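Student:
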Amino acid sequence: MLEHEDVQEILKLLDGTPVEEFELETGRFRILLRRTADGTWTQERETRRVEARTEPATVATPPAAAAASTGLVGALDADVPGIRSPLVGTFYRAPKPGAPPFVDVGSVVAPEAVIGIIETMKLMTSIYAGQGGRIDKILVPDGQLVEQNQLLMTVVPAAP
Amino acid sequence: MRIRRLFVANRGEIAVRILRTAHRLGIESVLGASDPDLDSVAARLADRCVRIGPAPAARSYLNVAAIVEAACTAGADALHPGYGFLSEDPALARACEVAGIVFVGPAVATLEAVGDKLSARSHAQDAGVPVIAGGEAGSLAQAEQIAYRTGWPVLIKAVGGGGGRGLRRVEGPKALQDQLELAISEAFAAFGNPRVYLERFVTAGRHIEVQILGDGHDLMHLGLRDCSVQRRYQKLIEEAPVPQLSTALASRVVAAAVALGRRLRYRGAGTVEFLVDGAREEFYFLEVNARIQVEHAVTEMVTGLDLVAEQLAIAAGVPLQRAQGSIAIQGHAIECRINAEDVGHDYRPSPGRVTRAVFPAGSGIRVDTHIEAGAIVSSFYDSLLAKIVVHARDRAGALERMAAALARCAIEGVAVNTRLHERILTDPEFRRGGVDTGYLGRLLAAASG
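Residue numbers (the working numbering), protein chains in the order written: chain A, 23 to 182; chain B, 8 to 456.
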């Protein structure tokens, strides 16, 4: 494992030389050190997995996300009008578990109405209808992971 | 005893941080990881990696049974909980005890005493530490009574909360009922405990904290940290020592932390947080964080100690090895938290795949991170990507070094808040030192208005 102190030792050696770029590669890591215009340095690292040290027996179940993600990108088609998720996260239809959903099929919404919540990195973001009308279809169930720009609901626009 | 195999029950930069010390000390490491973290930098650095559950934290990093079972199966003799997740949950400490695994943290009784924020408050009072006027608000009538005694505005806090979460500021009596009800339901949803309490809102307070180390008998401190640069009660920049604080007030704050630590017979590394009113030379107890903290790195830079190594030694039953007098604070250290958030879009979280990750390197610079090119920033976890920590002879030198270090950061693929840090570092008020917790909010409001 390469420590901060190790990097500093290497840089001390390099500082007195005309070397502009230094790359060190082992079976466990790769580090690229680059001198910048003002003489200071940057680092880019790559940590490698040593296969012999992993434990296939305990890492038995493959990530479920792989299977789920193929199913959830179905509604990314940008041409379909409706309410889309502004960011990646978990979609919730209700303000808290057990509470009634913000909207249902048939609900009439104003543009500023909240229709759901996206939870991303422990932060809750309200999703607004963005357009007035009647909720026609709800495409994403409660608690499902959604992609950015994924279609959540379709709306029949209010008559002008 | 001697710790031979350590189970790391956390993720992200702190998992990497703990693994480094384990490696340095020749302790075998086993990382417990959720599905999306099985190929993380921490998983690659650990000697072994075991799956503890799917992506949602409730089913992996917050699942006591899954974690303890994984630690047992891996044959670990100790477990480090990191920060956040279950790090301060007495249930994990107790489950470890039952399983015969050393919990790297305080005793169960201490976690219970300080995890309940009202109980922590009364321990502080018993230790002679000043607390902010307030008390438990079990009903609207009780809340009104407290508010009339303390004056407005007040802050509603969750008894089971902490870390700046679950706080609600109430300006006057009209809003109290609504805010109280919201706070109670929020507290229940977030912490599983609906109890809340009220404190007078201190307008111009600085967030200052003391790092303590105890072995259950003896207790020492490792100086102060200033964590006043906060956005929505979340720390963004931390430094040590504390700028613009009188020596007299600093020693009173340290003495208060030590008195509380001794009263709790504290074992492990911990932090006592205070709100300090520098102008009035007054300070108040906020809470005890019974774990390693994100900002522990600045203390390490100015003391030369490895706090994770200290935690492991204490957990192994080794008494404190150093005398208080041998601890010297040298130079000045600053930490900037690089978060995956979009500064241009109201700090919206920005998950995704990191395509490029260039960090500064050089003398007086330390980067604690779990981010490399190809790393996935998952929407399931918090947004901390890296801590850029610098150390220099004095604060001016540290500020200069940090500005140069930030300029060399280039993270692509996800949005990061580097620009915000650069903004703060060039702001004259921050450069003078001694800003209060309202500072960043005012700076941002001035920028957008």
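Built from N, CA and C at the ideal position, the CB exists for glycine as well.
In this text the structure is predicted, and so the values were computed from the model without any measurement.
#1: Given 6 Å as the limit, tell me if residue 11 of chain B has its C-beta closer than that to any heavy atom belonging to the ligand COA.
#2: Which residues, taken in chain order from the region 159 to 184 of chain B, show a beta carbon closer than 8 Å to some beta carbon of chain A?
#3: Run through chain A and tell me which residues come within less than 7 Å of residue 365 of chain B, C-beta to C-beta.
#4: Excluding the five sequence neighbours on either side, which residues of its own chain have a C-beta within less than 8 Å of the C-beta of residue 288 of chain B, listed in chain order?
#5: Give me whichever residues DSSP pairs with residue 204 of chain B in a beta bridge.
#6: Three Cβ pairs or more, each shorter than 8 Å: is that satisfied between the region 418 to 435 of chain B and the region 203 to 210 of chain B?
#7: Check whether chain D comes within 7 Å of residue 159 of chain A, counting only Cβ atoms and requiring the distance to be less than that.
#8: Nearest CA to the CA of residue 105 of chain A: which residue from A:155, A:120, A:123 and A:165?
#9: Would you check if the region 368 to 376 of chain B and the region 117 to 129 of chain A touch, i.e. whether three or more CB-CB distances between them fall below 8 Å?
#10: For residue 299 of chain B, which of helix, strand or coil comes out of DSSP?
#11: Does the region 31 to 45 of chain B come close enough to the region 143 to 151 of chain A that 3 or more CB-CB pairs lie under 8 Å?
#12: Does the CB of residue 265 of chain B have a neighbour CB from chain A at under 7 Å?
#13: Suppose you measure from the CA of residue 174 of chain A to the CA of residue 144 of chain A; what does that come to, to the nearest Å?
#14: Pairing CB atoms from the region 382 to 394 of chain B with CB atoms from the region 37 to 48 of chain A, are three or more of them under 8 Å?
#15: Does the distance from the C-beta atom of residue 444 of chain B to that of residue 214 of chain B stay below 7 Å?
#16: For chain B, find out if any of its Cβ atoms is closer than 7 Å to the Cβ of residue 42 of chain A; answer yes or no.
#17: With 8 Å as the limit, tell me which residues of the region 27 to 42 of chain A have their beta carbon closer than that to any beta carbon of chain B; keep them in chain order.
#18: Leaving out five residues on either side along the sequence, give the residues of the same chain with a beta carbon under 6 Å from the beta carbon of residue 73 of chain B.
#19: Three or more C-beta pairs under 8 Å: does that hold for the region 329 to 341 of chain B against the region 392 to 411 of chain B?
#20: If you draw a straight line from the alpha carbon of residue 126 of chain B to that of residue 135 of chain A, how long is it in whole angstroms?
#21: Pick from B:345, B:312, B:248 and B:101: whose alpha carbon is nearest that of residue 405 of chain B?
#22: Closer than 8 Å is the cut-off here; do at least three beta carbon pairs connect the region 283 to 297 of chain B with the region 12 to 22 of chain B?
#23: Would you be able to state if there are at least three C-beta pairs under 8 Å between the region 264 to 277 of chain B and the region 343 to 360 of chain B?
#24: How is the beta strand (DSSP E) around residue 221 of chain B delimited, first residue to last?
#25: Whole angstroms is fine: what's the gap from residue 145 of chain B's alpha carbon to residue 52 of chain B's?
Tutor: According to the structure data:
#1: As far as ligands go, the structure on display features none, and thus does not contain the ligand COA.
#2: none
#3: 64 and 66
#4: 253, 255 and 256
#5: B:143 and B:164
#6: no
#7: In the structure shown, chain D does not exist; the protein chains are A and B.
#8: Of all alpha-carbon atoms in A:155, A:120, A:123 and A:165, the one lying nearest the alpha-carbon of residue 105 of chain A is that of A:155.
#9: no
#10: Residue 299 of chain B sits in coil when the DSSP states are folded into three classes, being neither helix nor strand.
#11: no
#12: no
#13: 20 Å
#14: no
#15: Contact: yes.
#16: no
#17: Those would be 29, 30, 33 and 34, in chain order.
#18: 59 and 60, listed in sequence order.
#19: yes
#20: 41 Å
#21: For the set B:345, B:312, B:248 and B:101, the Cα lying nearest the Cα of residue 405 of chain B is the one of B:248.
#22: no
#23: Taking 8 Å as the limit for Cβ pairs, the verdict is that the region 264 to 277 of chain B does not touch the region 343 to 360 of chain B.
#24: 213 to 222
#25: Each residue's Cα considered, the two are about 48 Å apart.
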